[in-house]
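Add 1 to a position in the sequence shown, counting from 1, and you land on the number used in the numbering used here.
Every residue gets a Cβ at the ideal spot worked out from N, C-alpha and C, and that includes glycine.
Worksheet: one structure, shown below.
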Amino acid sequence: MFKNLSIKSKVLIISLIAIVIVSISISFESIYSINKLSKEKIEKFKEESYSNKEKELENYVSLALKTVESYYSRTAIDKIKVEVQEDLKAQAKFLFSILDYEYNKYKDTLSTNELKARLIEIIDGTRYGETGYFWVNDLDANIVVHPIKPQLNGKDLSEFKDKGGKRIFVEFANVAKKDGEGFVDYVWPKPGFEEPQPKVSFVKLFKPYGWVIGTGEYVSDVSASLKAEALKSISAMRYGQNGYFWINDSHPKMVMHPIKPSLDGKDLSKSKDPAGKFLFNEMVEVSKTKNKGGLVKYLWEKPGKEEPQKKFSYVKKFEPWDWIIGTGAYVDDIEENIIKMEAETNNDIKEVVIFTLVYTFISVLVVLALFSFLIKRAIVKPLDDLNRAIIKVTSDDSSSSSQIEKKSNDEIGKVVDSFNAYINKLQDGFKEDAKVIEEVENVIQKVNNGFYVYKVEKESSNPSVKQLRNSINAMIEGTNQKLEEINRILIEYGNSNFDYKSDANNHKNSNGIIGSIYTSTRLLGGTISEFLAMITTTGEKLDGDTAVLSSSSTKLSTSANEQAASLEETAAAVEEITSIIKTSNEKVNRMSVLANDLSNSAQEGESLASKTTQAMDDIDKQVNAINEAITVIDQIAFQTNILSLNAAVEAATAGEAGKGFAVVAQEVRNLASRSADAAKEIKELVESATIKANEGKQIADNMISGYGSLNNKVNETIELIADVTTASKEQESGIIQINDAVNSLDRATQVNASSATQISNLANEVSKLSTNLLDIADRAVFNKNKKKEICDIDLVFKICELKNDHIIFKNTNFAKVGTFETWSVNSATNCNFGKWILEQEKENCDFTKVTIWKEMKEYHEKVHNSVEEYVNLNAKKAPNNELEKVSRDLETYTAKLFDIMDMIKVERCKNISNDETKINESSKNESKKVEVPPISVPKKEEKPTKTKSEPKQVVANKHDDDEWESF
């Protein structure tokens, strides 16, 4: 709107605005000065009032703190002893009265052990208060009974020390020995606390058994009691009309609030005033950072007021008990005084504003009348004249009147001169620009025809046209250099130089499609080098193999001929062996007949020996009968001799009349003696005959056993001869088959010899072909290092395919960037290369474990990210330098990725080579271990070695030397 106003109106408006601004500035300065003085006065009053209030609250808190300190001073160990000694003594005295009574009552009726057990039971069960108990140790610091920790019973605690290093049980014993009773202070574990707590114990000696009986009380228990008294005292303290004190800890948790006891024990960390201030957290922070305490300001409800009022609280921390003692006071009376002072200041400011407005209005009226006359005369009229002249110039088509007429030498006249000069410069520039644009169209037409050697020569003073000319020339020259370099590479490829190393500097700026063409051209050379490396490697291997094949076929031919001659000799020897085996079969049949005859004779001898044994048994029976008869005769002779002796005695008794009977008795006795002698001789003969008969029987038994063994051996011999007969027949059949096989082998050997000759000829032909193949490959120059990459043909073709995929991936996305849209490119894990990487890692391929594998994955990710980044920046229409940097990085990442992919093929070949080396070494070791024994033909003059006889096994006899044994 302002730009459509006339200069007169603009000048008037500006003047009026200036007057208003000056007036407002004066007003603001006056208001500011008044306001500043008022604020300083109010601030001084506020500071003094607040300081006095803070000092007042500090004095009250100090008074409360001194009260708490007086209670805390009573928690010292010496004072706690005084606090608890009467109670501990009273409890111990009561227990000792029971123990003395029981001891005196049963000391004469119970044994010592029984009485001790009774007293220990009383001590173990005695309790007082909530946690009071008694324990017993002896004068050697051995625990007799401990009701709270029975695991200590019977243990020697003379070396037991509390946390402060005091041997407390030794101390108990020493106090009891020395004074009979006393107090000991120490630290001891307390339920509910992780660390041992200070404790005071009273011990007294039970003299009958030398027991030290003790009981104690924790300092914390006494402290808790004193804390409770302190809280009660602070809770009752008041000052003024409604002044009070509260206590919270550093959690913060309310310990005591006399006005709102419902807050006691509550967590106040989340408590905040209406303004959102966590007032208790701030109290904790102030008490921590300020040792003398500090002031906390907040809003709090006040009786009789609808809105929360500002309140000051002074807090100070009592460190030993972690108490934060505070008291507060409302400062609304101070605020009311401040409001009154501010109202007075506002009235003064209002008067200044009214005066300024009146003065400004009068000034505006005066300036408006004066400026209307002067501006119209000095500025508006000359500008109207200039405007009419410019309209006339712009509407006139003739070149003669193209400039504006100058009528004055003031600022407007200078504007006319500048305008005329500008028009002249524009006309000259239009002519130069037209010439440059005409030449640009001519050069672009030639470039479209394929000629990149023309440049735009015309120049213009217009910077934009000059920049356009330079950019077109730089584009043509840069594109020409890149295409010439690619052309040189292709010419070298055409001349079979596939190892041509291009200048990397010529293509350091090759991006986009040109970069893809350059990368594809290099990839073509690498692929052809791989093919030539495969051809060369295959040709060299084929050349070496054909040489080996030719040599082997020659050896095979020679060996086949030698084998044929050997087979003829073998056939003759086999025929001779066949004749020998037939003769041996006839002899074996004869041996079988003789063995059968021998078996029959052995059976007859065994039968006769059995009969002899039977006869001997009969003789033995008869001899035994004779022995029995002789024994009877001997007994009869003995009894007859006794009877004749008795008869002689009777005859002698008869006197003369018995003489005749005595003679008869004598004769009878003589006959009895002779009968006994004869019986004895017969018995000796019979015994001798019995011995001889037994010997004959033994011999006959041995003959039977011998004939049985002989018969068994003969039967085994017959079986062996039968086996030999069967084996001989099989050998004869086998030898005949061997003879036929040898003849067939002889014929096959002749065929092999002929085939070996043909193989040798074919090997020579293949050798010539491989030599020609190597000669053809040698005519081309290629990267010899590619031989290190081609051992795995599938991997070579797969990596080549994956490289082409990424060139196509880049070109496909770059073909769409002209739309300046954005899209998501294929991720590194979803492309064919990413899927191939996952497959190789899943199969745990050896080349996935090398360090460059991880580096390859990183560059692969960078390639995809760079394409994505270029698409996004292009959609945002980023500056060319950013796009150029991203595309240049993309080409660098792509080249590095392709190099690492080639290195992966090298690593694969190394692993294959190592595996083959291990296999070859293993094969060599196995070939050294396996020794083929030489085939030796037995000589007829050598005697076979005699071996141990085994059933059903024919062995050579050292005394036999027929054809069978020699064979």
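Is K80 near the ligand GDP, judged by its Cβ being under 7 Å from some heavy atom?
This structure simply doesn't include the ligand GDP, nor any ligand for that matter.
Bridge partners of V204, per DSSP?
G183, G215
Could you give the first and the last residue of the continuous beta strand (DSSP E) run that contains N138?
Start and end: 136-139.
Residue range of the beta strand (DSSP E) that S314 falls in?
Looking at the DSSP string, the run of the beta strand (DSSP E) that includes S314 is 310-319.
Where the alpha helix (DSSP H) containing N833 begins and where it ends
Counted as a single uninterrupted DSSP element, the alpha helix (DSSP H) harbouring N833 occupies residues 833-843.
Provide the residue span of the beta strand (DSSP E) that contains G329, from first to last.
324-331
Might you give, ordered along the chain, the residues of its own chain that have their beta carbon closer than 7 Å to the beta carbon of A652, omitting 5 neighbours on each side?
G659, K660, F662, A663, A666
What does a CB cutoff of less than 8 Å around G165 pick up in its chain, not counting 5 residues either side in sequence?
The beta carbon of G165 is closer than 8 Å to those of Y187, V188 in its chain, skipping five residues each way along the sequence.
Quick one: give me the first and last residue of the beta strand (DSSP E) that K298 is part of.
295-301
Neighbourhood of V21 by C-beta distance below 7 Å, restricted to the same chain and skipping five residues each side
T361
Following the continuous alpha helix (DSSP H) through N450, name the residue where it begins and the one where it ends.
Unbroken run through N450: none, as it is neither H nor E.
Residue nearest to F821 in terms of C-alpha spacing, selected from N873, N590, S236:
Taking each of N873, N590, S236 in turn and checking the Cα distance to F821, the smallest one comes out for N873.
Can you round the beta-carbon distance between D847 and N786 to whole angstroms, since I take them to be within the 8 Å contact cut?
At roughly 21 Å, the Cβ-Cβ gap does not stay under 8 Å, so D847 and N786 are not in contact.
Taking buried to mean at least 16 other C-beta atoms within 10 Å of its own C-beta, is K804 buried or exposed?
buried
Please report the distance separating the alpha-carbon of D101 from that of P197.
A direct Cα-Cα distance of roughly 34 Å separates D101 from P197.
Out of N671, L746, S888, K858, which has the shortest C-alpha to C-alpha gap to C832?
K858
Should H147 and L140 be called a contact, given that it needs their Cβ atoms to be closer than 8 Å?
no
Determine the burial state of T946: buried for a count of at least 16 other Cβ atoms within 10 Å of its Cβ, exposed for fewer.
Unreliable placement is indicated for T946, whose pLDDT of 43 sits below 50; no coordinate value is reported for it.
Would you grab the beta carbon distance between F203 and F184 for me? Rounded to a whole angstrom, and I think it's under 8 Å.
Yes, they are in contact, since the Cβ atoms of F203 and F184 sit about 6 Å apart, within 8 Å.
What is the rounded straight-line gap between the Cα of T559 and the Cα of I582?
34 Å
By the three-class DSSP mapping on this structure, what secondary structure does W189 have?
strand
Locate the alpha helix (DSSP H) running through I144, then write down its first and last residues.
Here I144 belongs to no alpha helix (DSSP H); instead the beta strand (DSSP E) covers 144-146.
With a threshold of 6 Å on Cβ separation, who are the neighbours of M704 within its own chain once the five nearest residues in sequence on each side are excluded?
These residues qualify, in order along the chain: A610.
Evaluate V23 with the Cβ neighbour count: other Cβ atoms within 10 Å of its Cβ, from every protein chain shown; 16 or more gives buried, anything less gives exposed.
The residue is exposed, with fewer than 16 neighbouring Cβ atoms inside 10 Å.
Cβ pair count under 8 Å reaching 3, the segment 692-709 against the segment 600-620
yes
Same chain only: Cβ atoms within 8 Å of L884, ignoring 5 sequence neighbours per side
Y871, L874, N875
In whole angstroms, what separates the C-alpha of P935 from that of A757?
Confidence at P935 is low in this model, with a pLDDT of 44, below 50, so its placement is unreliable and the value that follows should be read with caution. Looking at the two C-alpha atoms, the distance is approximately 26 Å.
Of all the beta strand (DSSP E) runs that stay within the bounds of the segment 214-266, which reach a length of 3 or more residues?
247-249, 255-257
N- and C-terminal bounds of the alpha helix (DSSP H) containing W854:
852-876
Tell me whether N138 is buried or exposed, calling it buried when 16 or more other Cβ atoms sit within 10 Å of its Cβ.
buried
Contacting residues, own chain, Cβ-Cβ under 7 Å from A19 (five flanking each side not counted)
none
Going straight from the alpha carbon of L232 to that of K318, what length do you get?
15 Å
F246 and I335 look like a contact to me (Cβ under 8 Å); what is the Cβ gap, rounded to whole Å?
Wrong, their Cβ atoms sit about 22 Å apart, outside the cutoff.
Do V466 and Y989 count as a contact pair if the criterion is CB distance below 8 Å?
With the chain running from 2 to 968 in the structure shown, residue 989 is simply not present.
With three or more C-beta pairs closer than 8 Å as the rule, is the segment 741-757 touching the segment 612-621?
no
Does G697 come out as helix, strand or coil in the three-state DSSP assignment?
helix
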